[in-house]
Amino acid sequence: MWRNPLLDKTYTAGGTILPYRLLKFGTSDTLLIQATAATDGLLGLSGQVGAASGEPVDITLVGVGEVTLGDTVTRGQRLTADSAGRGIPAVSGNVVGGVALKSGVVGNVVPMLLHAAGDADGAPLYQADVTVATAAVLTLNATPVQLVAAPGAGLIVAPTMFQVFLDYNTTAYDGIAAGEDLTIRYTNASGALLATIETDPFLAATADAMRIVLPVTTAAHLPVANAALVLHLSTGEIATGNSPLKVRTYYRLLPSTL
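In numbering that gives the first Met the number 0, the protein residues as written are 0 to 257.
If you want it as structure tokens, here you go:
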């Protein structure tokens with residue numbers, strides 16, 4: 000048995016809750032209901048016993064629970080909820096409730112590592128995926144590419160990690176000048192710097208390549224309210240090449256004032 004709960008709590012069901020479903024708060028502090036969307040504030044997982052409305056229901060908040068799948072899932076994928084509280088792969092803009100520890104298909108019950116008071120809390124972890132086509136890579140200096148949209152008044156996009164993948168095609172990027180690095184910034188090409196990726200040997204690679212990039216920890220990492228995140232090339236343009244870039248951004252939305 001995979002289930003290994005570190006923190007279980009008992010609440011009251013605010014509606015019918017099936018076994019092995021992702022849950023969220025209902026209309027009060029003591030009511031739980033099944034999650035119904037990938038943007039819900041995911042709290043945890045029901046166990047092997049469900050509940051009717053008004054009955055006690057146990058929820059695993061921390062540790063390894065089990066979830067019914069609503070789609071094909073590969074172990075290691077981050078999961079969110081579908082309209083029936085089942086686990087499905089998280090995509091751009093979803094709230095991530097945890098990680099699948101086993102592969103499966105629709106209807107399977109698989110173990111899921113819940114994120115302890117992190118990815119399903121008041122500042123949930125979001126994921127944004129952007130593919131930068133070859134033509135856009137070749138004009139990144141003049142025309143930065145948006146990775147995450149501006150979140151709205153009073154909010155800050157706070158990135159936790161960037162995953163950048165060079166999906167190699169047939170021709171390596173060439174004409175990369177010294178100091179011509181990929182940067183991730185707020186707003187535009189002159190915005191506050193968040194991260195830097197050396198282009199050589201990354202973009203100059205002749206096979207698939209990947210980089211994991213954390214935000215800088217210097218004073219350059221200045222939060223900017225209601226600002227998008229963009230990918231930019233710091234100096235000039237790259238001359239040739241035909242491989243797209245795939246950029247995955249993990250981020251939270253924080254208030255701009257406390």
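Heads up, the beta-carbon is just placed ideally off N, CA and C, and yes, glycines get one too.
Practice item. Find out if the Cβ-Cβ distance for the pair Ala80, Ala12 is shorter than 9 Å. Key: Numbered from its first residue, the sequence shown carries residue 80 at position 81. Numbered from its first residue, the sequence shown carries residue 12 at position 13. No; because the gap between Cβ atoms is not below 9 Å, this pair is not in contact.
Review point. Cα separation between Thr71 and Ala34?
Key: On the sequence shown, position 72 is the one that residue 71 refers to. On the sequence shown, position 35 is the one that residue 34 refers to. In a straight line, the C-alpha of Thr71 is about 19 Å away from that of Ala34.
Review point. In chain order, which continuous runs of the beta strand (DSSP E) of length 3 or greater are located wholly inside the segment 169-257?
Key: The segment 169-257 contains these whole beta strand (DSSP E) runs: 181-185, 192-196, 208-212, 228-232, 244-254.
Practice item. Classify Pro4 as buried or exposed, calling it buried when 16 or more other Cβ atoms lie within 10 Å of its own Cβ. Key: Start at 1 with the first residue of the sequence shown, and residue 4 comes out as number 5. Per the 10 Å Cβ criterion, buried.
Practice item. Just tell me which of Thr256, Phe24, Ala134 has its CA closest to the CA of Asn241. Key: Numbered from its first residue, the sequence shown carries residue 241 at position 242. The residue with the shortest Cα to Cα distance from Asn241 is Ala134.
Practice item. Under 8 Å by Cβ, that's how I've got Leu44 and Ile58 pegged, so tell me the actual separation to the nearest angstrom. Key: As a first step, residue 44 must be located in the sequence shown, where it is residue number 45. As a first step, residue 58 must be located in the sequence shown, where it is residue number 59. That pair is a contact at about 7 Å.
**Study point:** Euclidean distance between Cα positions of Thr198 and Pro88
**Key:** Walking along the sequence shown from the start, residue 198 turns up at place 199. Walking along the sequence shown from the start, residue 88 turns up at place 89. Straight-line Cα distance between these residues: approximately 30 Å.
**Study point:** Selection from Arg251, Tyr10, Thr15, Ser27 that minimises the alpha carbon distance to Pro150
**Key:** Counted from its first residue, the sequence shown places residue 150 at position 151. Put simply, of Arg251, Tyr10, Thr15, Ser27 the residue whose alpha carbon is nearest the alpha carbon of Pro150 is Arg251.
Exercise for review: Flag this pair as yes or no: are the beta carbons of Val223 and Thr248 separated by less than 9 Å?
Suggested key: Indexing the sequence shown from 1 puts residue 223 at position 224. Indexing the sequence shown from 1 puts residue 248 at position 249. Taking 9 Å as the Cβ cut-off, Val223 and Thr248 do not qualify as a contacting pair.
Exercise for review: Check Thr133 in the structure and name its three-state DSSP category.
Suggested key: As a position in the sequence shown, residue 133 is number 134, starting the count at 1. Note: Thr133 maps to helix in three-state DSSP.
Review point. Just how far apart, CA to CA, sit Asp120 and Ala157?
Key: Indexing the sequence shown from 1 puts residue 120 at position 121. Indexing the sequence shown from 1 puts residue 157 at position 158. Here Asp120 scores only 42 on pLDDT, less than 50, and its place in the model should not be relied on; the value that follows carries that caveat. Each residue's Cα considered, the two are about 15 Å apart.
Check your understanding: Does DSSP put Ala115 in a helix, a strand or coil?
Key -> Here residue 115 refers to the residue found at position 116 when the sequence shown is read from its first residue. Because Ala115 sits at a pLDDT of 46, beneath the cut-off of 50, its placement in the model cannot be relied upon, and the point is left open.
Practice item. Indicate, with yes or no, if the ligand FMN has a heavy atom lying under 8 Å from the CB of Ala99. Key: This structure lacks the ligand FMN, and indeed carries no ligand of any kind.
Practice item. Can you grab the Cα-Cα spacing for the pair Ala204 / Asp7, in whole Å? Key: Here the question's residue 204 lines up with position 205 in the sequence shown. Here the question's residue 7 lines up with position 8 in the sequence shown. Between the alpha carbons of Ala204 and Asp7 lies a gap of roughly 48 Å.
Exercise for review: Return helix, strand or coil for Tyr19, following the three-state DSSP convention.
Suggested key: Here residue 19 is taken as the residue at index 20 of the sequence shown, counted from 1. Three-state DSSP puts Tyr19 in coil, outside helix and strand.
Exercise for review: Helix, strand or coil for Gln75, going by three-state DSSP, please let me know.
Suggested key: For this step, residue 75 is matched to residue 76 along the sequence shown. The residue you asked about is not Gln; residue 75 is Gly in the sequence shown. Gly75 carries a coil assignment under DSSP once its states are collapsed to helix, strand and coil.
Practice item. Give a yes or no on whether the C-beta atoms belonging to Leu244 and Leu137 are separated by under 9 Å. Key: In the sequence shown, counting from the first residue as 1, residue 244 sits at position 245. In the sequence shown, counting from the first residue as 1, residue 137 sits at position 138. A distance of 9 Å or more separates the beta carbons of Leu244 and Leu137.
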